[in-house]
Ligand SMILES: NC(=O)c1ccc[n+]([C@@H]2O[C@H](COP(=O)([O-])OP(=O)(O)OC[C@H]3O[C@@H](n4cnc5c(N)ncnc54)[C@H](O)[C@@H]3O)[C@@H](O)[C@H]2O)c1
């Protein structure tokens with residue numbers, strides 16, 4: 001496995017290092033994404049420290065184009081209140097709807113930015129979940145051919161997973177994330193207390209992405225993950241810090257070695273082939289994390305037949321994902337034909353030479369051990385096998 005500075009940057013129970021020049025109560029991970037050094041600052045209920053950090057980082061910038069998730073207005077108001085008045089902020093609220101994660105939204109935001117006199121000396125800030133992060137990433141990449149991007153993630157999926165990536169994408173009418181580019185954030189900062197206002201099902205689905213990391217990359221973290229789940233009610237700060245640490249420790253070594261996520265880092269597509277199809281076909285009913293959970297159960301079932309994954313390891317998938325909000329009722333409401341049609345539009349097409357009857361998937365032959373071909377953790381799976389695994393999800 002690739003080595004990472006993140007492995008040395010933190011250790012349980014309170015991950016991260018504290019820098020003498022930082023405002024109190026913020027810790028940080030540091031990693032690189034290609035040429036870009038990326039600090040990830042975090043704390044819990046740290047509004048003042050966060051305001052000081054951002055004021056320091058935004059100093060000298062002409063303006064801050066702040067794209068704010070409509071679901072976090074209160075957090076945004078608090079944060080903006082703690083920012084230095086000398087920082088010129090242009091706030092724009094976005095309705096973060098997967099259906100609106102599109103080029104037309106990006107286009108309208110670009111027009112708005114220019115109308116608001118945002119110049120080349122501006123910085124684009126995304127405050128919100130993964131949708132706002134991706135849309136802001138596209139805006140930052142395109143406006144004046146590239147402005148710095150800052151992520152302030154407010155959902156578990158965004159904080160523990162999506163921001164740890166240079167991938168920025170929006171959907172086309174024919175499928176998820178089919179149009180995009182790469183832009184590494186210059187800064188990530190998260191007050192983990194922002195995450196405490198997401199509805200329980202969203203927290204659960206964020207944890208599903210961490211279960212993905214455990215199953216596909218770091219099975220040794222299984223006890224830390226399951227041990228942190230009950231802490232959500234009794235010690236949310238420690239629970240959220242643990243989830244973040246699991247996300248960072250799993251992902252950073254891979255994205256440092258493979259910043260465009262085209263080789264070894266494709267491991268984080270585990271569960272995503274079927275997952276993305278379910279998420280897109282559900283038209284907003286099933287969240288990204290929940291869909292990925294279903295996708296991992298399908299992948300495990302296929303791997304027992306195709307790659308020798310043991311029944312015990314398949315059971316481990318079900319055990320780990322139990323209680324994380326996967327609803328068979330919601331799954332049944334999704335058009336199955338739409339799901340199977342979307343399989344052929346998966347954005348991993350082209351990595352493997354596949355005919356229409358084969359689907360490229362990440363599969364495991366044991367926990368933490370992907371099956372690889374040509375340096376990539378991808379394997380062609382007969383379409384009929386994928387379809388039967390999707391059918392099984394409804395009945396298991
Ligand atoms: N590498 C990547 O770029 C990457 C990785 C993983 C996921 N993603 C993308 O992320 C998206 C999913 O992100 P998500 O799960 O964060 O969902 P989301 O962005 O759709 O947000 C879901 C809901 O949560 C609300 N919300 C956000 N923060 C909140 C808070 N603190 N309190 C209350 N409500 C809050 C939003 O308003 C929204 O209604 C997908 O589009 C997926 O493709 C991208």
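Numbering (UniProt numbering), first residue to last: 1 to 396.
Using N, Cα and C, we set each Cβ at its ideal position, and we do this for glycine too.
Bridge partners - residue i, DSSP secondary structure assignment
i	result
residue 102	171
residue 360	380
residue 43	191
residue 67	92, 126
residue 180	169
residue 366	369
Run of the beta strand (DSSP E) containing residue i, from where it starts to where it stops
i	result
residue 93	89-94
residue 227	No beta strand (DSSP E) contains residue 227, which is instead part of the alpha helix (DSSP H) from 222-228.
residue 149	149-153
residue 255	Unbroken run through residue 255 is the alpha helix (DSSP H), 236-257; no beta strand (DSSP E).
Range covered by the alpha helix (DSSP H) that runs through residue i
i	result
residue 35	Segment: none, residue 35 is in no alpha helix (DSSP H) and carries neither H nor E.
residue 373	No alpha helix (DSSP H) contains residue 373, which DSSP labels as neither H nor E.
residue 213	200-216
residue 334	First-last for residue 334: undefined, no H or E at that position.
residue 319	311-321
residue 161	First-last for residue 161: undefined, no H or E at that position.
residue 76	73-81
residue 290	288-306
residue 263	Unbroken run through residue 263: none, as it is neither H nor E.
residue 324	Segment: none, residue 324 is in no alpha helix (DSSP H) and carries neither H nor E.
residue 281	272-281
Residue environment, residue i, which counts as buried when at least 16 other CB atoms sit within 10 Å
i	result
residue 334	buried
residue 346	buried
residue 319	exposed
residue 114	exposed
residue 331	buried
residue 329	exposed
residue 272	buried
residue 34	exposed
residue 28	buried
residue 287	buried
residue 21	Because residue 21 carries a pLDDT of 49, less than 50, the predicted location of this residue cannot be relied on, and no value is offered for it.
residue 312	exposed
residue 116	exposed
residue 355	exposed
residue 284	exposed
residue 172	exposed
residue 353	exposed
residue 161	buried
residue 394	exposed
residue 56	exposed
residue 176	buried
residue 370	buried
residue 249	buried
residue 253	buried
residue 323	exposed
residue 261	buried
residue 37	exposed
residue 398	The requested residue 398 is not part of the displayed model; the chain covers only 1 to 396.
residue 148	buried
residue 140	buried
residue 209	buried
residue 230	exposed
residue 390	buried
residue 221	buried
residue 259	buried
CB contact below 9 Å: residue i versus chain D
i	result
residue 225	Within the model displayed, chain D is absent; a lone protein chain is all it includes.
Heavy atom of ligand 2 within 8 Å of residue i beta-carbon
i	result
residue 157	Ligand 2 is not part of the structure shown, which contains ligand 1 as its ligands.
Any 3 or more C-beta pairs closer than 8 Å across the stretch 85-101 and the stretch 57-65:
yes
Report yes or no: do three or more beta-carbon pairs, one from the stretch 78-85 and one from the stretch 195-213, lie closer than 8 Å?
no
Do the stretch 238-252 and the stretch 293-305 touch if we need at least three Cβ pairs shorter than 8 Å?
no
Pairs of beta-carbons, one from the stretch 168-178 and one from the stretch 118-137, closer than 8 Å: are there three or more?
yes
Inter-stretch contact at 8 Å, needing at least 3 Cβ pairs: the stretch 96-113 / the stretch 275-286:
yes
Measuring CB atoms only, is the stretch 150-164 touching the stretch 195-204, in the sense that at least three cross pairs come out at less than 8 Å?
yes
Cβ contact check for the stretch 187-197 and the stretch 42-51: 3 or more pairs under 8 Å:
yes
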